[in-house]
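Structure, as structure tokens:
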Amino acid sequence: MKNYLNIASLGLLFSVASGVCVAEEVSREQIKGIDEQVQDIKKDVLAISTDLTQLEEKLLYPSNTQVSLFVSLAQGEKFRLDAMEIKIDGKDAAHHLYTFKELEALQKGGVQRIYTGNIRSGEHTLDVTLIGKTAGNSDFHHSAHYTFTKDVGPRLVEIKLAGPGASSKDIEFKDR
Amino acid sequence: MLRRSLWLLGLCVAAQAFAAAPPQKPPRDLYLGEAFYYAQQGEYFDAISRLDTELGQFYRLDERQLDPFHLQSNFAEFSVGDFELSYRMHQRAGRAIKAVLEGNVSQDIKNEAAFRLARIYYQKSDPINALHAIERITGKIPESIRDDEQFLRAQISMVNGRFPEAITILQGMKDSRAYEGFAGYNLGIALIQNGQEKEGLAQLDKTGQISSENEGTLSIKDKANLVLGYRLLESNQPGEASQYLDRVRLVSPFSEKALLGSGWSSVSAGRFDRALVPWTLLVKRNPTGKAVQESMLGVPYSYAQLNLHGKAALLYGSALESFGQELTKLDASIDTIHKGNFLKALVREELKQDPNWVIRLRELPETPETFYLKDLMASNDFQSSLQNYFDLEDLRKRLNAWDEYLDSWEEIIDLRRRYYEPLLPDIDKKFRTLDSQLRLRMEQRQRLDDRLQHMLIAPRPDFLKTADERILQNQFARLEAQYKDDTGEGAEDARRRIKRLQGLVQFDIHTTYDQRLTDAFTHLRELDADVARLKKIYASFVRTRQAATQSYQGYDDQIRQARNRSRDAKEQVAMLMARQGHMLELMAVNELDLRRRRLEEYQIQARFAMAESYDRAVKAQQQAVGEKAQ
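Sequence lines, in order, name chains A and B. If you're matching positions, the first sequence starts at 2 in my numbering and goes up one per residue. If you're matching positions, the second sequence starts at 19 in my numbering and goes up one per residue.
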């Protein structure tokens, strides 16, 4: 049998070509150097972002009027959440259509802040409607009503969703 | 040896890409959960920013243990480190995790931190520090990271040349479902690297026969077969090589290289007819692929070896035509990169929505610059540079958006100032009047309370007289004074009656003292209820009044600082984008140039081979004519 490398002389072309010098090379040090600078600017921009988040909260949602609504899924839930509608004191507060990525994030334990706003202290009502599909692909539509009290501090309400047939309620509210 | 190192590098990349993040505990704190919501969508900037805000607020608390978040603060710190790693902020992630490692925490937490730190060093190609970090893990390893820790330990051992250790670890991971295929593949490579060639090849053979539905496992199975096949080709065992190369799926990232190798194995065995089978398949694929281009020469080469010189000459002609077209494409690509179109194509939003965007980008006719960059795009250096460029573009957009936020916030503040400033002086004046009245009443109430408390110890019935009783007593006193010196008839009788009536009132006051005291306390409690309501209104007013001032005062400095920092960051981002972009363009042009030279070499080869084939075909024809004439 002939020597493979002799026969496959065509296969050596690459090594011939790679031996030729190019005009300007990019070195590993250059890549590393710029990567470190990118990390530094990310750190700076993150610090600005954190400060702006705090400034925004202080300016637009002071704690004495702030209310935030969070959506989560009960553990192990696999139903498809398509949309959520939320009313506070009968007025539209949030309407959200879910992308696949968002739904997946919720299913993995992520919590979505669906609304942040301002309300007076005292009693308020919350009406939540969820639209989705069951594991069997049939339409699933459910509404729930909740009353909560706004005090001096920020009011956080968790809206925990479960699909049909779950042991817990379809829509469960938790004051946090 | 170089080829061996390349394989090793390949396996490390593949294994690293496969290494999934350890399972994350479900977060309970809402803000922590929110950070995960973003992280799980790949939006790491938002995830880190939210969690940084939450941790910052937590660390500013005086009594942190009273905040339920303290139960999850370690987990949150780790999570920030994880998100930072995913956001390619290795330096900061490393520092954060190191701080946990050196802190006063349990060994479990230290083990987890050491694992993460080792992973950072490993990813940053720092094998010595990775080894030091992983060796800090002692005692029980948390269940959630056990497999990951073992696999990482094996990888670190391999890059440090400690193959026997890696072999022992990987042999213990054969049943790991999370690393199915990967553990076996790495074991094969470790055995080969350790000089146990036979065992290593047997292990790769075993990995190359795994049956699985998992795409990751199927890919590593293909890779095991490819490595095994090429290894045997290099060892002059082409007959054995082909069976492994033929195992590689036809639709797989490794299929083109496998088809090429399969053809060469047949050529090596002198079976040119068999070589045509994989190469004819390969030659129909995308003409930008390295293996495809090589097969364009391989197919006519085989025909020539089969003495079909006419066919070979024609196919060399087709190859030349194709190489010419590809060179035109490459020239266009290099030209368009110089015009800056490459970077514009890379940041096209609609493409990034598609997970296979690199492939789609290559197929778009208006982006010829990306035709030849599939291999380059798969390289670590290019990927990290490209990701940096994307991240910088994202930062640029954010910084621009924040400028608009700051503009609108300033407008809000100005509106609030103009609304409140004329109103507040009058409101404050009224409030001060009400406040002084309120203070007076509160002092009165306090005096009453003190007096009543004292009366529990030292009864003072006279303090609890009613107003009518006071009037009556005053009247009696006046009458008593009037009749005091009267000697007239009836005066004595009047004095006696006055005394009796005085005694009667006094009797009532004294005998009903307990009831009066109880009533007084009841009234005081009723007053307290009113006072509490008043205080609530007062506090609400004070808060609202403070909120009114705080809604427009004290922001100027913060906004000015934010603007300055944002401006500086924008300048820095623009500078880095230009540098990073230039680097990407340079890498792309270099790659295209390399491919260009390769195609030029192929052209030369094809021209010579075509000429030779024509000569031979003509000679064969002449010979045939001659033989016929004889």
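Using N, Cα and C, we set each Cβ at its ideal position, and we do this for glycine too. Computed from a prediction, not measured in an experiment: that's the story for all the values here.
Closer than 7 Å to the CB of L104/A there is not a single CB belonging to chain B. For N92/B, no chain A residue has a Cβ inside 8 Å of its Cβ, as the nearest lies near 17 Å away.
For M628/B, no chain A residue has a Cβ inside 7 Å of its Cβ, as the nearest lies near 14 Å away. Here Q576/B is actually not in contact with L61/A; their C-beta atoms are around 14 Å apart, not less than 8 Å.
For Y620/B, the CB contacts under 7 Å within the same chain, skipping 5 residues up- and downstream, are Q311, L315, F341 in chain order. T100/A is classed as exposed because its beta carbon has fewer than 16 other beta carbons within 10 Å across all chains shown. About 13 Å separates the beta carbons of Y501/B and R518/B, which is beyond the 8 Å limit, so they are not a contact pair.
According to the DSSP assignment, I115/A belongs to the beta strand (DSSP E) that extends over 113-119.
With a cutoff of 7 Å on beta-carbon distance, A151/B and A172/B are scored as not near each other.
For D85/B, there is no enclosing alpha helix (DSSP H), as DSSP marks it with neither H nor E. Scanning G328/B, L602/B, D100/B, R459/B for the CA closest to the CA of Y62/B turns up D100/B.
A direct Cα-to-Cα measurement between A259/B and D223/B gives close to 11 Å. Per the DSSP secondary-structure output, Y147/A pairs in a beta bridge with L127/A. Taking 7 Å as the CB threshold, Y55/B lines the interface with chain A. Proximity of V158/A to chain B, defined by a Cβ-Cβ separation below 7 Å, is not satisfied. With contacts defined as CB atoms closer than 7 Å, V607/B and I355/B qualify as a contacting pair. Taking 7 Å as the CB threshold, V129/A stays off the interface with chain B. Taking CB atoms only, Q141/B has no neighbour in chain A less than 7 Å away. For L135/B against L149/B, the beta-carbon gap comes to about 11 Å, at or over 8 Å, which does not count as contact. Per DSSP, the beta bridge partners of G133/A are L82/A, F141/A.
P63/A has a beta carbon lying within less than 7 Å of a beta carbon in chain B. In this structure, L131/A sits near L162/A, with a CB-CB distance shorter than 7 Å. By the rule that beta-carbons nearer than 7 Å mark a contact, L48/B touches chain A. At the C-beta level, G164/A and E78/A come within 7 Å of one another.
The secondary-structure analysis by DSSP pairs V72/A across a beta bridge with Q113/A, I160/A. Contact of Y573/B with chain A by beta-carbon distance below 9 Å involves L56, K59, L60. A residue is called buried when at least 16 other Cβ atoms come within 10 angstroms of its Cβ; A629/B does not meet this threshold and is exposed. In this structure, the alpha-carbon of K415/B lies about 33 Å from that of K347/B. When S64/A, D41/A, Q40/A are compared, the shortest CA-CA separation from R121/A is found for S64/A. Looking at the DSSP output, E173/A bridges to K161/A. For R114/A, the C-beta contacts it makes with chain B under 7 Å involve E52, in order along the chain. Neighbours of T71/B in chain A, taken as residues whose beta carbon is under 7 Å from its own, are T51, T54, Q55 in chain order. Between the C-alpha atoms of R465/B and K170/A there is a straight-line separation of about 55 Å. C-alpha of S194/B to C-alpha of L394/B: approximately 33 Å in a straight line. For S67/B, the closest Cβ of chain A is nearer than 7 Å.
It is roughly 45 Å from the alpha-carbon of S270/B to the alpha-carbon of E159/A.
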